[in-house]
DNA sequence: CATGAATGAGAATTCATTCAT
DNA sequence: AATGAATGAATTCTCATTCAT
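Protein chains in written order, with the working numbering: chain A, 81 to 303; chain B, 81 to 303; chain C, 81 to 303; chain D, 81 to 303.
This is how it looks when you write it as structure tokens:
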């Protein structure tokens, strides 16, 4: 009943799990817990997620939970570590974005991949959002993820703009802000449009607004 | 120690307070509680905010708290109601945004006011963000606030764009997403730039990207 | 909205009220509080009765309450004192109950008056029932009330029975038990019959069972 | 220090306990809690009974309590369910009560069993009495228990009486009222006689008064 | 490895009673 | 005489984490 198909988690697991050799069964149990955590996160959000919910979904016990994770936060850290990796990888694929059609397509494609990632890891990213208000670790990890993308973006944006008035760092964060939050609205059903349409519009806005792209009516199969 | 100067709260208070006639002292106490809640919200966020923290800051007792608010949520509802009013008022002031310099200035000014409002009510808005994940009332009130601004924006955006490809609703939400989240980054110190700079850049991005404005090097007193 | 018309309360009031001279207005306020207490007792029962409810019904304030009564219990004590007086008076009117028709009528009449009293003071008597489980004063006062009636009954019963096997004290308490609880069922709607029917049957049972009366088909105006 | 020897509880437990498989230890703990509740009920009554008292007597923790019962009421419901079962079973054993010596013995025996049951479950039954004033569930369950016995009694009473004046329903409730309340007086020490004497007298009163039995001096081993 | 059971430190809320006008 | 406001002890319930088998 999980809402989205899930890619394989490359996860290294929580603290206790790293001190031991995990055999096949152990790995399986850990996976079950991580998957369950995603499901619960999705359904309840970070703060409302209870260890009890997680072990119930994973069909295992409290005791077992602590065999693999030092505590609740440890589990979310593990989940977030995965996201961080993926996001970092994604950030690296961001090439220069020119003002022309090619630039548009490049940006559109990158945003598409970002979107996939968000949809996949949505619950974790939302959890991060929720958690970061507090001073805890999870929050800090989230900031690192943010930094990764922002850094890549700043580079691309700086290349595309020479205005002395336009602050690339702000523009980069504005970009992340926009796409992150929009997806958030999407997943939380506050915005209800097809993902493709969302991406088209966002790409246009950012291409034109941030990367100096030229606005043009785009031909669409007359629908 | 409250981080930001505070405007007068027009608040009507929580459920229990509405059933009684409040005398001068009562009103003062209610105000103290609302202010205290802002402070705590700012420091701890919604979920970590304890009634105990609030009454400590307000230098009053637990019992007193429940004389004015039915529970924690009730208090936040009262706070959010204020925000909702202010946001609605702000939304109404959004006129047409043309592609020229005047449009830029109009947008810049509006965003400036939005920014003031966000800075003022930041803690409440962040609390809303945290809360909306759950199914509770506070979350739903937040959505209404969102809707108010989005509706106003859609109108302005539609006037400024005739592209059949560009979805004004998405663009409107993208706009809110960007400015909301950027301020969030600002307040949570994940972004550290002067507010003026932030506003300049955001205005440019949105004016050009969303309202069809023309990009131009803007003359700035050589700083 | 009080369920039953109320006789005048002869009440002397609570401790604080007895230390002062009550003027007309003071007496009126005290009366309002006592009446309100009856109403609340009826609606909520002893344990669920809140001072707040009482002062709301009496349209006065918490502060005022404690001007007349030392505490909640004090008020119930005052109410119960009234009942005690009435019950004592009633107990005195119990004459000998013979086994014949006259005895039946005498008993029927006495039970009728008891019933009136119960209906009138029902809330207080039920409160006593609720309260007596605990060790508090109210409970003890209730016992005295019980003792008064039982003593009177023992006398009548002893006159009517010479069996060495039949314990008049038990029979007396059994009598009270039956009529008290039956009225309780009646007021709490667990029993739904006209009061007259209830009294007829109870009188028969007790007359025959306790007072040695002879059972006979009684002629009733063919209704 | 429990006042009465206790039969085995067949209890199914509260809501949370029913959702899980209880192992031996779990069952033991649940039993401890139920027993403790009886003890506390006896000592303090329903309203004054604190979860804290119960867990202290059961020598366990607050958390554990809520592992087995959703709340205090849930526990009492469980207890009351047991009583309900036993009472229903008892009600079924009530055969016809004739006016002769055999009828007397039959009634005496049934009342004896009722008495045993009451003494055993006294605390629970008293708790029910206390609780029923309020609108809660426990109260309603109590009414069902009452109905069970009353129904059985009505049948027996109707067989034994043909009077058109005598209402069997009232007589049935009067019967229950008498024996319930008398035992209540007994347990709350407002009445202090040997149980056997109490039963003898009550049997006589009811046999003669309700079941048309003939009064006779009963020969008792000259004591 | 796995599990059910137990724990106890919080957190929210209620309400009789006292206080200050 | 009256009142609104304030208090804080008492109580229930939750849930992350530890324990024993």
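For each residue, glycine too, the CB sits at the ideal point set by N, CA and C.
Check                                                                                                                                                                                                        : Outcome
Taking only beta-carbon positions, decide if residue 246 of chain C is within less than 8 angstroms of chain D.                                                                                              : yes
Looking only at its own chain, which residues have a Cβ that is under 7 angstroms from the Cβ of residue 248 of chain D, when we skip the five neighbours before and after it?                               : 234, 237, 238, 241
For residue 231 of chain A and residue 252 of chain A, what's the separation of their Cα atoms in angstroms?                                                                                                 : 8 angstroms
Using a 10 Å radius around the Cβ and a threshold of 16 neighbouring Cβ atoms, would you call residue 143 of chain C buried or exposed?                                                                      : exposed
In whole angstroms, what separates the C-alpha of residue 190 of chain A from that of residue 132 of chain A?                                                                                                : 38 angstroms
Beta carbons nearer than 8 angstroms to chain A: which residues of the region 268–282 of chain B have them?                                                                                                  : 268, 270, 271, 273, 277, 278, 280, 281, 282
Can you tell me whether residue 169 of chain C is buried or exposed, with buried defined as 16 or more other CB within 10 angstroms of its CB?                                                               : exposed
Taking 8 angstroms as the threshold (beta carbon to beta carbon), is residue 286 of chain C in contact with chain D?                                                                                         : yes
Under 8 angstroms, do residue 210 of chain D and residue 126 of chain D count as touching if we go by C-beta distance?                                                                                       : yes
Considering residue 96 of chain B, what are the terminal residues of the alpha helix (DSSP H) in which it resides?                                                                                           : 95–98
Could you round the C-beta distance between residue 97 of chain C and residue 110 of chain C to whole angstroms and report it? I think they count as a contact, below 8 angstroms.                           : 6 angstroms
Considering only the beta carbon of each residue, do residue 270 of chain C and residue 226 of chain D sit closer than 8 angstroms?                                                                          : yes
Against chain C, with Cβ distances strictly below 8 angstroms, would residue 218 of chain D count as a contact?                                                                                              : no
Would the beta-carbon of residue 104 of chain C fall within 8 angstroms of that of residue 156 of chain C?                                                                                                   : no
Taking 7 angstroms as the limit between beta carbons, can you name the residues of its chain near residue 194 of chain A, skipping five residues before and five after?                                      : 170, 259
Step through the CB atoms of chain A and report whether any lies within less than 8 angstroms of the CB of residue 127 of chain B.                                                                           : yes
Below 6 angstroms CB to CB, which residues in the same chain sit around residue 267 of chain D once its five sequence neighbours on both sides are set aside?                                                : 202
Anything in the region 185–201 of chain D with a Cβ closer than 8 angstroms to a Cβ of chain C? List those residues in chain order, please.                                                                  : none
Taking the Cβ atom as the reference point for each residue, do residue 278 of chain C and residue 262 of chain C lie within a distance shorter than 8 angstroms?                                             : yes
Name, going along the chain, the residues of the region 92–107 of chain D whose beta-carbon falls closer than 7 angstroms to a beta-carbon of chain C.                                                       : none
Would a check of beta-carbon distances place residue 261 of chain C closer than 8 angstroms to chain D?                                                                                                      : yes
Using beta-carbon positions only, say whether residue 160 of chain C and residue 106 of chain C come within less than 8 angstroms of one another.                                                            : no
Quick one: list the residues of chain B neighbouring residue 251 of chain A, beta-carbon separation under 7 angstroms, in chain order.                                                                       : 281, 285
Between the region 138–160 of chain C and chain D, which residues of the former have a C-beta closer than 7 angstroms to a C-beta of the latter?                                                             : none
Inspect the beta-carbon positions of residue 273 of chain A and residue 229 of chain A and report whether they are closer than 8 angstroms.                                                                  : no
In three-state DSSP terms, what is residue 175 of chain B?                                                                                                                                                   : coil
Residues in the same chain with beta-carbon distance under 7 angstroms from residue 255 of chain B, minus the five sequence neighbours each way, listed in chain order, please.                              : 233, 286, 290
Measuring straight from C-alpha to C-alpha, what distance separates residue 148 of chain A and residue 154 of chain A?                                                                                       : 9 angstroms
Put residue 287 of chain B into one of helix, strand or coil per three-state DSSP.                                                                                                                           : helix
Could you name the residues of the same chain whose beta carbon sits closer than 8 angstroms to that of residue 288 of chain D, not counting the 5 residues immediately before and after it, in chain order? : 294, 295
Please state the DSSP three-state secondary structure of residue 35 of chain B.                                                                                                                              : There is no way to answer for residue 35 of chain B, as the model of chain B reaches only from 81 to 303.
Given a threshold of 16 other Cβ atoms within 10 Å of its Cβ, counted over all protein chains shown, does residue 173 of chain B qualify as buried or as exposed?                                            : exposed
Is the Cβ-Cβ distance between residue 283 of chain D and residue 250 of chain C less than 8 angstroms?                                                                                                       : no
Given this structure, state the Cα-to-Cα distance separating residue 304 of chain A from residue 124 of chain A, to the nearest angstrom.                                                                    : Only positions 81 to 303 of chain A appear in this structure, which leaves residue 304 of chain A out of reach.
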